[in-house]
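The sequence shown runs contiguously to residue 354 in the working numbering.
From the three backbone atoms N, C-alpha and C, an ideal C-beta is built for every residue, glycine too.
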Amino acid sequence: MKQPLVLSVVVPTYNEEQNVRVLVERIAKNLDGINYEIVFVDDSTDKTPNIIEELIRAHENIRLIHRQDKERKGGLATAVVRGFAEARGTYICVMDSDLQHPPQMVPALLEAASGADIVVASRYRKGGSYEGLSGSFRKFLSVALKEFARFVFFPKLNRVTDPLSGFFLVRCDILKDVTLNPVGFKILLEILVRCQWKRVHEVPYRFAPRLGGKSKANMRQGISFLSHIMKLFFSVPQAGRVWKFGLVGGLVALIGSGLLYTFVDILSIEKNVAYFVQAFICLQLNFNLNDRFTWGERREGRNSGYWNRWVKFHVARALSVILSQILFALLTALGMYYMLAFAMCIIFATGFNYFTSNRFVFN
């Protein structure tokens, strides 16, 4: 009885004629006893596809997808997505062909996949290293960009030390019914942000120097990365939700300030009346922006449950005001300077409002 296909190793290649033979040899050596396939997705203009064709004649578990000019738009990331579509294994391992991702680590990633949806080979987990990156500036940039990604997509990525790793393994099931639309090199970031996963496991590894050929990293790729971040932030509703909540709050506060000034200084409306009117307008604006922007994907239909969410939102905000008032009275009674107590109440109210919105109002 034929053993089921456990692993598909997806390898995007672009002018790697010096490396693909060695890569296949090392994968075969380290995956002995495991039923696997290697799927090369090739965009090369050198002899790389010819060498892979030779390897196919010697290894029946190797496949080649050689993309033509029009298919190559998007580069490495779209090549990996094409590899996902062709893969037949239960798990998919993505790795580069330049041997900076050591093939001997693949069994460790597969072993760690038990109970995990995604396994990341991390350069930044204790025991790992990014010394294979060429030059101090590239090392600095790698750290800065991965921390930026973790910051933008907090809290979802707060426990992932290397969200920009190009060496990882995913359970094939989590890719179903998900449209991946990556930009540039960082396909893992696309998967982490778009897919519904419960657990990510990380395995430390040492990023090796290149065996041969030239690095494809350049300034254009850096710009593509920033474009990718912005695209994910605004197109994936749950991405960076805490910051979207803050953006809505800041925008509403700015509008409220403008309304209050207009009512009092221009229209000469009595201050208390003006304050009440702008507060009511801002409360409705805050609800609708959060309903459509921050938690937009949780709406079952265009207007389904709107008034139910509206009532829960106002109940939660009323409770926030009451608790903040109690906290302010308590802190000032204990001798805290009133402005510091006010700041503490703002911090509390912000956290409380986000929590109740996420778990109660828009759940």
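N- and C-terminal bounds of the alpha helix (DSSP H) containing residue i
i, result
"Pro98", "97 to 103"
"Pro3", "Segment -2 to 4 is the beta strand (DSSP E) holding Pro3; no alpha helix (DSSP H) there."
"Phe319", "297 to 324"
"Pro355", "The structure shown does not extend to residue 355, since the chain spans only -8 to 354, so no value can be given for it."
"Tyr252", "232 to 252"
"Lys20", "11 to 21"
"Arg63", "Per DSSP, Arg63 belongs to no alpha helix (DSSP H) and is neither H nor E."
"Pro94", "Pro94 -> no alpha helix (DSSP H), and no H or E assigned at all."
"Pro40", "39 to 49"
"Glu7", "Premise fails: Glu7 is in no alpha helix (DSSP H) and is neither H nor E."
"Gly24", "Gly24 -> no alpha helix (DSSP H), and no H or E assigned at all."
"Val72", "67 to 77"
"Val184", "178 to 185"
The beta strand (DSSP E) enclosing residue i, as first and last residue numbers
i, result
"Tyr357", "Residue coverage of the chain in this structure runs from -8 to 354, which leaves residue 357 outside it and unanswerable."
"Val227", "Run containing Val227: none; DSSP gives neither H nor E here."
As assigned by DSSP and simplified to three states, the class of residue i
i, result
"Met(-8)", "Confidence at Met(-8) is low in this model, with a pLDDT of 48, below 50, so its placement is unreliable and no value can be given for it."
"Ala334", "helix"
"His57", "strand"
"Ile380", "Outside the displayed range of the chain (-8 to 354) lies residue 380, so it cannot be described from this structure."
"Tyr82", "strand"
"Cys359", "Nothing about residue 359 can be reported from this structure: the residues present for the chain run from -8 to 354 only."
"Met221", "helix"
"Tyr328", "coil"
"Asp282", "helix"
"Ala199", "coil"
"Asn52", "coil"
"Ser88", "coil"
"Asn354", "coil"
"Thr347", "helix"
"Thr36", "coil"
"Phe267", "helix"
Check whether residue i and residue j have beta carbons under 9 Å apart
i, j, result
"Pro195", "Arg63", "no"
"Cys336", "Leu318", "yes"
"Leu101", "Leu(-4)", "no"
"Leu314", "Phe353", "no"
"Phe333", "Ala230", "no"
"Ile85", "Asn21", "Reading off the sequence shown, one finds Val at residue 85, where the question assumed Ile. It is not a contact, given that the beta carbons lie outside the stated cut-off."
"Arg308", "Asn263", "no"
"Ile165", "Ile257", "no"
"Leu274", "His305", "yes"
"Glu8", "Ile42", "yes"
"Val2", "Ser88", "yes"
"Leu124", "Val151", "no"
"Trp286", "Arg232", "yes"
"Leu132", "Glu181", "no"
Per the contact definition of three or more C-beta pairs closer than 8 Å, is the stretch 296 to 311 in contact with the stretch 265 to 272?
no
Is the stretch 32 to 47 close to the stretch 117 to 124, with three or more CB pairs under 8 Å?
Between the stretch 32 to 47 and the stretch 117 to 124 there are fewer than three inter-stretch CB-CB distances shorter than 8 Å, so the stretches are not counted as touching.
Closer than 8 Å is the cut-off here; do at least three beta carbon pairs connect the stretch 152 to 160 with the stretch 91 to 104?
yes
Assess, as a yes-or-no matter, whether the stretch 64 to 84 is touched by the stretch 160 to 174 under the definition of 3 or more beta carbon pairs within less than 8 Å.
yes
Continuous alpha helix (DSSP H) assignments of at least 4 residues falling wholly in the stretch 99 to 174
127 to 143
Does the stretch 13 to 33 touch the stretch 51 to 58, meaning 3 or more C-beta pairs lie closer than 8 Å?
Yes, since at least three Cβ pairs between the stretch 51 to 58 and the stretch 13 to 33 fall closer than 8 Å, the two stretches touch.
When you compare the stretch 217 to 225 with the stretch 248 to 267, are there three or more beta-carbon pairs, one atom per stretch, that lie closer than 8 Å?
No: the two stretches stay apart, fewer than three of their Cβ pairs being nearer than 8 Å.
Would the stretch 185 to 193 and the stretch 128 to 139 be scored as touching if the rule is three or more Cβ pairs under 8 Å?
No, they do not touch.
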